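Colleague: In my numbering, the protein residues as written are 15 to 454.
All residues carry an ideal CB built from backbone N, CA and C; glycine is no exception.
All values derive from a computational prediction rather than experimental measurement.
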Ligand code: ADP
């Protein structure tokens, strides 16, 4: 047994008092020869005193006002002093935490963006004033309500997808169609997620102004360009042979400008949010047309093959998909030196869905250019693009068309080895060939 406690001052005092009490009781008892009774009486008194001390400490612990603990109760006072110090530390820590929490809540409440704390089941736990204004929430009525009821339709569909998803950049508000909102979902614990809602109306307006400007400029340029092109076609180089190279150059440049304007108009139409009506895109016929076009562009300079192992058709816009696929093929022809091979394929994906791919053995793209390659007017080599009649808008059009069809553009390329451009379509975009039942 260890006697470390004897080193404590409180214990020394308590034990000292106890021994003195017993000794005094014994001494007093000796005078009348009643030592046993006096010692028992002293023990009884000591127990009573201990019980009273215990009671005082218990009522001190229970009392709401935190006055200092009762003193002069020996070991009991020592224990209560310890408890008192702990309680004071706990209380000041709690006060600091509450102040911090309040500061955080006030900060979150003052944020210009709507912030909503959701459970994993999408019940509302807390929201700030901006969220209330943006989504029409009201406290305390809507606490514990399901968030879906307050979201516009696209956001309702978006929020049910994978939790760590891409933000929803633009959705018209359910309460006011002229208001544009962006949504971002941040899962931050096993139980909670943060939904951040932002009013992006000014940005959407600016974007609209930019789109309108590009569309209008392109449209306005179309007529003068057609006139110029017409006159240039009428000029006969034979009548002024010394001007022949200039006329040829002018014709080439005017064709390029016309192509740029046409591509810009296509991009504007694609961005104009008008979803073209979905129709069956017969892949067998489309692939045959694409192969014919590739042969025409290549003029037998390449070996072009067609592989079709997917029997399914696509659901989408024939015109847009045709334009996107031809862009990929035209790129493959333009960036593959004579003698190279080009493969056009339509194949099922291992999971589900299908993939349209154009693979070439051309110049390839150095890895550092790949992240930006589908940006407007981004080119690896501007001179090569121009020489081959490129506008720098082809891959932008491809990306937009694929986005329109909820498909993604995948690019694998190695400089000097070749490239593979794929449009990957989800199974929802596939149709069984005509004549086959959907379920077969
Ligand atoms: P461009 O009209 O210049 O071809 P695109 O948007 O179609 O514009 O392509 C952007 C750039 O990507 C091209 O300038 C070229 O550098 C590169 N590129 C596109 N396709 C291929 C390919 N099949 N092989 C090599 N480089 C390519």
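#1: Using CA atoms only, rank isn't needed, just tell me which of 402, 335, 382, 219 is closest to residue 418.
#2: Count Cβ pairs between the stretch 405–412 and the stretch 250–264 that sit closer than 8 Å; are there 3 or more?
#3: Whole angstroms are fine: how far does the CA of residue 362 sit from the CA of residue 454?
#4: Please report the residue range of the alpha helix (DSSP H) in which residue 269 lies.
#5: Could you give the first and the last residue of the continuous alpha helix (DSSP H) run that contains residue 292?
#6: The ligand ADP heavy atoms versus the CB of residue 399: any closer than 6 Å?
#7: Can you confirm whether residue 167, when its beta carbon is compared against all beta carbons of chain B, has any partner nearer than 7 Å?
#8: Is the beta carbon of residue 129 within less than 6 Å of some heavy atom of the ligand ADP?
#9: Within a Cβ cutoff of 7 Å, which residues of the same chain sit near residue 49, ignoring the five residues on either side of it in sequence?
#10: Just to check, is the beta-carbon of residue 142 closer than 6 Å to a non-hydrogen atom of the ligand ADP?
#11: Assign residue 370 to one of two classes, buried (16 or more other C-beta atoms within 10 Å of its C-beta) or exposed (fewer than that).
#12: Assess contact between the stretch 381–401 and the stretch 420–430, defined as three or more Cβ pairs (one per stretch) separated by less than 8 Å. Is contact present?
#13: Between residue 330 and residue 295, which are expected to be in contact by the criterion C-beta below 8 Å, what is the C-beta distance as a whole number of angstroms?
#14: Return yes when the Cβ of residue 373 is within less than 7 Å of the Cβ of residue 434, no when it is not.
#15: Residue 451: buried (16+ other C-beta within 10 angstroms of its C-beta) or exposed?
#16: Hey, could you find the ends of the beta strand (DSSP E) residue 361 is sitting in?
#17: Confirm the yes/no value for this check: CB of residue 262, any heavy atom of the ligand HEM, distance under 6 Å.
#18: Helix, strand or coil, according to DSSP, for residue 453 in the structure here?
#19: List the DSSP bridge partners of residue 207.
#20: Compute the Euclidean distance between the alpha carbons of residue 193 and residue 297, then round it to the nearest angstrom.
#21: What separation, rounded to the nearest whole angstrom, lies between the Cα atoms of residue 128 and residue 83?
#22: Contact check, residue 347 vs residue 302 under 8 Å by CB: the rounded distance?
#23: Which residue marks the beginning of the beta strand (DSSP E) containing residue 433, and which one marks its end?
#24: On the DSSP bridge assignment, give the partners of residue 172 in chain order.
Modeller: Let me spell this out:
#1: Position 404 of the chain shown, counted from the first residue, corresponds to residue 418. Per the Cα distances, 335.
#2: no
#3: The count along the chain shown starts at 1 and reaches residue 454 at position 440. The count along the chain shown starts at 1 and reaches residue 362 at position 348. A caution first: residue 454 carries a pLDDT of 38, below 50, which makes its placement in the model unreliable, though a value can still be read off. The alpha-carbon atoms of residue 454 and residue 362 are separated by roughly 16 Å.
#4: Translated into the one-based positions of the chain shown, residue 269 becomes position 255. 258–285 is the span of the alpha helix (DSSP H), which, as asked, contains residue 269.
#5: What you label residue 292 is simply residue 278 of the chain shown in a count that begins at 1. Note, residue 292: premise wrong, no alpha helix (DSSP H); not H, not E.
#6: Taking the chain shown and counting its residues from 1, one reaches residue 399 at position 385. Within the cutoff, so yes.
#7: Looking at the structure shown, chain B is missing, and only one protein chain is on hand.
#8: Taking the first residue of the chain shown as 1, we reach residue 129 at position 115. No, since every heavy atom of the ligand ADP falls outside the 6 Å radius drawn around the Cβ of residue 129.
#9: Taking the first residue of the chain shown as position 1, residue 49 is located at position 35. So the list reads 40, 43, once near-sequence residues are dropped.
#10: Along the chain shown, read from residue 1 onward, the residue named residue 142 stands at position 128. No, Cβ of residue 142 sits at least 6 Å from all heavy atoms of the ligand ADP.
#11: The count along the chain shown starts at 1 and reaches residue 370 at position 356. Per the 10 Å Cβ criterion, buried.
#12: yes
#13: Looking up residue 330 in the chain shown gives position 316. Looking up residue 295 in the chain shown gives position 281. Confirmed, Cβ separation roughly 6 Å.
#14: The residue you call residue 434 lines up with position 420 of the chain shown. The residue you call residue 373 lines up with position 359 of the chain shown. The answer is yes: Cβ separation under 7 Å.
#15: Residue numbering aside, residue 451 sits at position 437 when the chain shown is read from its first letter. Bear in mind that a pLDDT of 49 at residue 451, under 50, signals an unreliable position, so the number given afterwards is only what the model happens to contain. With fewer than 16 other Cβ atoms within 10 Å, it is exposed.
#16: By one-based count along the chain shown, residue 361 stands at place 347. Its beta strand (DSSP E) spans residues 355–362.
#17: With respect to the ligand HEM, the structure offers nothing, as its ligand set consists of the ligand ADP.
#18: Looking up residue 453 in the chain shown gives position 439. Reliability of the predicted coordinates at residue 453 is poor, the pLDDT of 44 falling under 50, and no value is obtained from them.
#19: Reading the chain shown from its first residue, position 193 is the one you call residue 207. DSSP output for residue 207 lists 132, 201 as bridge partner(s).
#20: What you label residue 193 is simply residue 179 of the chain shown in a count that begins at 1. What you label residue 297 is simply residue 283 of the chain shown in a count that begins at 1. Each residue's Cα considered, the two are about 40 Å apart.
#21: To locate residue 128, count along the chain shown from 1; it is residue 114. To locate residue 83, count along the chain shown from 1; it is residue 69. The straight-line gap from Cα to Cα measures roughly 49 Å.
#22: To locate residue 347, count along the chain shown from 1; it is residue 333. To locate residue 302, count along the chain shown from 1; it is residue 288. Not quite, the Cβ-Cβ distance comes to about 17 Å (not below 8 Å), so this is no contact.
#23: Taking the first residue of the chain shown as 1, we reach residue 433 at position 419. Here the beta strand (DSSP E) through residue 433 covers 432–439.
#24: Residue numbering aside, residue 172 sits at position 158 when the chain shown is read from its first letter. DSSP lists no partner for residue 172.
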